[in-house]
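Let me begin by presenting the structure, written as structure tokens, before commenting on it.
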Amino acid sequence: MKLTELASLLNGEIFGNHDTEITGVSGIHEAKEGDITFIASKKYLKDIGNSRASCVIVKEAVADLNKTQLRVSNPHLAFAKLLERFYIKPIKPTGISRDAIVSDKAKIADDVSILPFSYIADGASIGKNTIIHPYVYIGENTFVGEKCILYPNVTVREGVKIGDRVIIHSGSVIGSDGFGYVFEDGKYHKIPQIGGIIIEDDVEIGSNVSVDRATTGNTIIGKGTKIDNLTQVAHNVKIGSNSIIVSQVGIAGSSEIGDYVTLGGQVGVADHTKIESGTMIGAKSGVMGHVTKGAYSGTFAIPHRDWLKAQAIFAKLPELNKRIRDLEEKINELERRNPE
Amino acid sequence: MKLTELASLLNGEIFGNHDTEITGVSGIHEAKEGDITFIASKKYLKDIGNSRASCVIVKEAVADLNKTQLRVSNPHLAFAKLLERFYIKPIKPTGISRDAIVSDKAKIADDVSILPFSYIADGASIGKNTIIHPYVYIGENTFVGEKCILYPNVTVREGVKIGDRVIIHSGSVIGSDGFGYVFEDGKYHKIPQIGGIIIEDDVEIGSNVSVDRATTGNTIIGKGTKIDNLTQVAHNVKIGSNSIIVSQVGIAGSSEIGDYVTLGGQVGVADHTKIESGTMIGAKSGVMGHVTKGAYSGTFAIPHRDWLKAQAIFAKLPELNKRIRDLEEKINELERRNPE
Amino acid sequence: MKLTELASLLNGEIFGNHDTEITGVSGIHEAKEGDITFIASKKYLKDIGNSRASCVIVKEAVADLNKTQLRVSNPHLAFAKLLERFYIKPIKPTGISRDAIVSDKAKIADDVSILPFSYIADGASIGKNTIIHPYVYIGENTFVGEKCILYPNVTVREGVKIGDRVIIHSGSVIGSDGFGYVFEDGKYHKIPQIGGIIIEDDVEIGSNVSVDRATTGNTIIGKGTKIDNLTQVAHNVKIGSNSIIVSQVGIAGSSEIGDYVTLGGQVGVADHTKIESGTMIGAKSGVMGHVTKGAYSGTFAIPHRDWLKAQAIFAKLPELNKRIRDLEEKINELERRNPE
Chain A
393 MKLTELASLL NGEIFGNHDT EITGVSGIHE AKEGDITFIA SKKYLKDIGN
443 SRASCVIVKE AVADLNKTQL RVSNPHLAFA KLLERFYIKP IKPTGISRDA
493 IVSDKAKIAD DVSILPFSYI ADGASIGKNT IIHPYVYIGE NTFVGEKCIL
543 YPNVTVREGV KIGDRVIIHS GSVIGSDGFG YVFEDGKYHK IPQIGGIIIE
593 DDVEIGSNVS VDRATTGNTI IGKGTKIDNL TQVAHNVKIG SNSIIVSQVG
643 IAGSSEIGDY VTLGGQVGVA DHTKIESGTM IGAKSGVMGH VTKGAYSGTF
693 AIPHRDWLKA QAIFAKLPEL NKRIRDLEEK INELERRNPE
Chain B
393 MKLTELASLL NGEIFGNHDT EITGVSGIHE AKEGDITFIA SKKYLKDIGN
443 SRASCVIVKE AVADLNKTQL RVSNPHLAFA KLLERFYIKP IKPTGISRDA
493 IVSDKAKIAD DVSILPFSYI ADGASIGKNT IIHPYVYIGE NTFVGEKCIL
543 YPNVTVREGV KIGDRVIIHS GSVIGSDGFG YVFEDGKYHK IPQIGGIIIE
593 DDVEIGSNVS VDRATTGNTI IGKGTKIDNL TQVAHNVKIG SNSIIVSQVG
643 IAGSSEIGDY VTLGGQVGVA DHTKIESGTM IGAKSGVMGH VTKGAYSGTF
693 AIPHRDWLKA QAIFAKLPEL NKRIRDLEEK INELERRNPE
Chain C
393 MKLTELASLL NGEIFGNHDT EITGVSGIHE AKEGDITFIA SKKYLKDIGN
443 SRASCVIVKE AVADLNKTQL RVSNPHLAFA KLLERFYIKP IKPTGISRDA
493 IVSDKAKIAD DVSILPFSYI ADGASIGKNT IIHPYVYIGE NTFVGEKCIL
543 YPNVTVREGV KIGDRVIIHS GSVIGSDGFG YVFEDGKYHK IPQIGGIIIE
593 DDVEIGSNVS VDRATTGNTI IGKGTKIDNL TQVAHNVKIG SNSIIVSQVG
643 IAGSSEIGDY VTLGGQVGVA DHTKIESGTM IGAKSGVMGH VTKGAYSGTF
693 AIPHRDWLKA QAIFAKLPEL NKRIRDLEEK INELERRNPE
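Protein chains in written order, with the numbering used here: chain A, 393 to 732; chain B, 393 to 732; chain C, 393 to 732.
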């Protein structure tokens, strides 16, 4: 593809050779001749020299760079668009495989791809252009919207509602029972988990994620929220829209997470926690109670800056201890010299 | 259903309108008219006013409450029983699907439900009223008891023994090889993991849980123990009865967990740890060695109360550091004033 | 089997009854009469007395031990070899099941075992003596080498390269999309993940592991590296050879892990971290930046010995706080006595 075409597609400005021919899109380290790449910030300027890319997407044109540049307002977004343009094939619906099991009480829209060894139970509904891969289980009365992709080995139990353009990666389980028991007579009695799950439009769920159904009511994942691999979302959790939940996070029962929240990797959220919109929780932190908008780290989390300072001193605790001991000795000496 | 019927079923006492008709069971926030709900403690009294429920289950009758009340000894348990009564259908065995693969060397009891796309290997045994969902793999010589439910995409490898009324949620793996290697000549040699797993009656295992088979002997999960999603149970671990293992816990090899132990979310248990019965480990903590009965938190865990106090001071470490510096200056000044 | 045969097989020396007949191999606690067992170090000498084993493998012959001994240079390795000898059956290829779906555009070597309900897509390649279990999905153009075992419910997406003698346990997902988005106009836009994954020879991957494909280029797991259950390996991560990644570790995007690295259970590695070869990170720790060879613990990790010392004092923080308060009072008193 001609660079000039890409420039007009991305609303960008070319600095250098306008005749450059672009044959691929790649990260700066993996790029070959003919590839277009990008740098997210000036920090990576030094890497351009070693890259074999034929063109680099930048936010501001760089002087004295021995490489053709394409200036756009958001290089990372431009990169994403080019990857899509070059590598993502349009969906060609394959219909319903004869090796799938699809209930005749299920509603299947046109232009679906229902692959072999998938299973769609009574009363389930599959929207237009949705792809159901092998070993995907869709339970009774579960609704899946349009243009969704459910990768192999996904389980969606009964009574789940999934919006449009939702992606669920392999191994994830949507609708397992919430972890609820009552203790009586020396043992735990199961509380039936009869609620459902609502997953709104444009949500993406990574691989091996567990989302539990509500005890009653619904577990909710809001529009545009993205959840990374191996995350736990417990019963009756409500996550707002456009939040980012990084890998291996655990969110305990009935917690409420606002919009535009970021939870770092391996964060733990105690049950009945409320996290306000716009909050960021640092990796590995643990939070509970009512978390007002801000940035937090640690277990239990404190404001991130305070945590950084406290953590820096943590490493010096042996030294602090020694300084206190020294002070005690000096005080004793001074008291000896100055009796009451 | 008449409230009077429910009252006699639950051995409860009605305060208010005896003629109330109950049409559903729900949490206090989700309840609609006709629903019965419950409050676990007085803390939630304030929420009753806003609930649309027609009746609330309480432990002690509340004066001046504009709502019909049903008093029982354990409201949470009563709620669980009503959910079961209203929403859980009795098992109707569907037999062995023609689309399942069941070895003719397997023993299948009467009244099972073996659904399409399930696989039962030679020598396996499936008990009465057990349900085997699609994509469930039952390995050679594995024994599954009566009234078990194995949800879609569960893998149970060879030589596993599962008791009665065991529930295993989707994506869980019972019997993967333990993580055992010997280092020699610059590389790791696999130690064959030829042991088994014993899962006793009334155990429930969440989704995406990994339980490894023993090197030799058995990994054991005791009667009535409940394990939440995404938990790791390593080879040769022994868990007692009626313990609660919350989500994303990791229990390393050969550890022994007693009865009535609670491990909070994301807890890590080092290998060869022994945790006595009745112990509680706080979320995100790490434990090792011999843990005597008690409540612990932190990594490595210390008594929970001590941890709370230490953690409160952790946030003040920068302040402590400054106080020590101030003391040092003052001491220097005092020493100047008081030479030896 | 005669003990003398085992001795010659293992290049060991017998102390005690040369005529001992060995009928099984087992851990010291599970051993029955006729079994051979081992002790890894002198620490376990005390357990031999109670063991019913007929012979114990040792590194150095123990005087006054009422048990036949077999002395070898590496008892643990000898034990592993005997487990293999006694219990691991040679692979008997079963061919391609009629109940599997294998694309006629896939290349299938001789002597494979492709079991029922497995799925092999167009352009995929399966090497000699490899075993593909039920519910295993092999995506387009994915290459699997020789003598591999893919256990039930494994998903390997398109464009993945797997070497020889690789073992992947149930529920693991190789090739889910990396977690990459660009924020613009108030929402997250997906960055297509069009890269691949390279898994080199002799790698073993536990159950319910997630390995994400690269954005561009490849995620790489080096020769002989072993990864435990429920681990997260993000996009573009590169792990060297012969590293040990214990359960529930999370490795964020583009991080580089050297050779012979050990990451303890539940460790978190931030994105773009570089860990040098030979490094050990203690369980539950969090690391970021450039980690030079050494042993580290804590979040963020500091040298392990320093962490142990700091952690010991952490528990005494309330006491430290009190000691500082006492010092402040004493200083005040001394200042009163010694006005300027």
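Using N, Cα and C, we set each Cβ at its ideal position, and we do this for glycine too. Owing to the predicted nature of the structure, the values given are computational and were not obtained by experimental measurement.
List, in order along the chain, the chain A residues whose C-beta lies closer than 9 angstroms to that of residue i?
| i | result |
| --- | --- |
| B/GLN703 | GLY690, THR691 and PHE692 |
| B/ILE480 | PRO584 and ILE586 |
Any idea what DSSP makes of residue i, helix, strand or coil?
| i | result |
| --- | --- |
| B/SER400 | helix |
| B/TYR479 | helix |
| A/TYR543 | coil |
| C/LYS497 | coil |
| A/ARG463 | strand |
| C/PRO710 | helix |
| C/PHE471 | helix |
| B/LEU622 | coil |
| C/ASN610 | strand |
| B/ALA445 | coil |
| C/PRO630 | In the sequence as presented, Pro is not what sits at residue 630 of chain C; that position holds Lys. Here C/LYS630 sits in strand by DSSP. |
For residue i, which residues in chain A fall below 8 angstroms Cβ to Cβ?
| i | result |
| --- | --- |
| C/ARG715 | ILE716 and GLU720 |
Based on Cα-Cα distance, which residue from the options lies nearest to residue i?
| i | options | result |
| --- | --- | --- |
| A/ILE649 | A/ASP698, A/GLY404 and A/SER669 | A/SER669 |
| B/THR429 | B/ARG444, B/LYS435 and B/LYS438 | B/ARG444 |
| C/ASP651 | C/LYS618, C/SER677 and C/GLN624 | C/LYS618 |
| C/ARG477 | B/ILE643, B/PRO695 and B/PRO584 | B/PRO584 |
| A/GLY674 | A/ALA704, A/THR684 and A/VAL638 | A/VAL638 |
| C/LYS484 | C/HIS561, C/LEU507, C/LYS473 and C/ASP577 | C/LEU507 |
| B/GLU711 | A/GLU413, A/ALA470 and A/TRP699 | A/TRP699 |
| A/ASP663 | A/ILE613, A/SER400, A/GLY572 and A/ILE694 | A/GLY572 |
| C/SER562 | C/LYS394, C/PHE471, C/ASN713 and C/ASN545 | C/ASN545 |
| C/VAL625 | C/VAL595, C/GLY609 and C/SER646 | C/SER646 |
| C/GLU422 | B/GLY598, B/THR608 and B/VAL595 | B/THR608 |
| B/GLY567 | B/GLY519, B/VAL504, B/VAL629 and B/ILE524 | B/VAL629 |
| B/PRO695 | C/PRO526, C/PHE706, C/ALA702 and C/ARG697 | C/PHE706 |
I believe residue i touches residue j by the beta-carbon criterion, under 8 angstroms. Please report the beta-carbon distance rounded to the nearest angstrom.
| i | j | result |
| --- | --- | --- |
| B/ARG605 | B/HIS627 | 6 angstroms |
| B/ASP593 | B/LYS615 | 5 angstroms |
| A/LYS539 | A/ASP556 | 6 angstroms |
| A/LEU457 | A/ILE440 | 6 angstroms |
| B/ASN730 | A/LEU726 | 6 angstroms |
| B/SER446 | B/ILE414 | 7 angstroms |
| A/GLY690 | A/SER677 | 6 angstroms |
Residues of chain A with CB under 7 angstroms from residue i, in chain order?
| i | result |
| --- | --- |
| B/ALA513 | Ordered by position in chain A, no residue passes the 7 angstroms Cβ test against B/ALA513, which lies about 18 angstroms from the chain. |
| C/HIS581 | LEU469 and ALA472 |
| C/ARG463 | Chain A residues near C/ARG463: none, gap ~44 angstroms exceeds 7 angstroms. |
| B/TYR529 | Simply none; closest approach about 11 angstroms. |
| C/VAL683 | Within 7 angstroms Cβ-Cβ: nothing; C/VAL683 doesn't reach chain A, min ~15 angstroms. |
Of all Cβ atoms in chain A, is any one closer than 8 angstroms to the Cβ of residue i?
| i | result |
| --- | --- |
| B/ASN723 | Correcting the residue type first, residue 723 of chain B is Ile in the shown sequence and not Asn. Chain A contact via Cβ: present. |
| C/ASN403 | no |
| C/GLU576 | yes |
| C/LEU726 | yes |
| B/LEU475 | yes |
| C/TYR543 | no |
Hey, does residue i have any beta-carbon neighbour from chain B nearer than 8 angstroms?
| i | result |
| --- | --- |
| A/PRO584 | yes |
| C/ALA516 | no |
| A/ASP698 | yes |
So with Cβ pairs under 8 angstroms, would you call residue i a contact of chain C?
| i | result |
| --- | --- |
| B/ASN533 | no |
| A/GLN658 | yes |
For residue i, which residues in chain C fall below 8 angstroms Cβ to Cβ?
| i | result |
| --- | --- |
| A/ASP604 | Result: empty, since nearest Cβ-Cβ is about 16 angstroms, beyond 8 angstroms. |
| B/ARG729 | ASN730 and GLU732 |
So is residue i in contact with chain F if we call contact Cβ pairs under 8 angstroms?
| i | result |
| --- | --- |
| A/GLU452 | Considering every chain present, this structure includes no chain F. Its protein chains are A, B and C. |
Against residue i, what residues of chain B qualify as contacts under a CB-to-CB distance less than 9 angstroms, listed in chain order?
| i | result |
| --- | --- |
| A/LEU712 | LEU709, LEU712, ASN713 and ILE716 |
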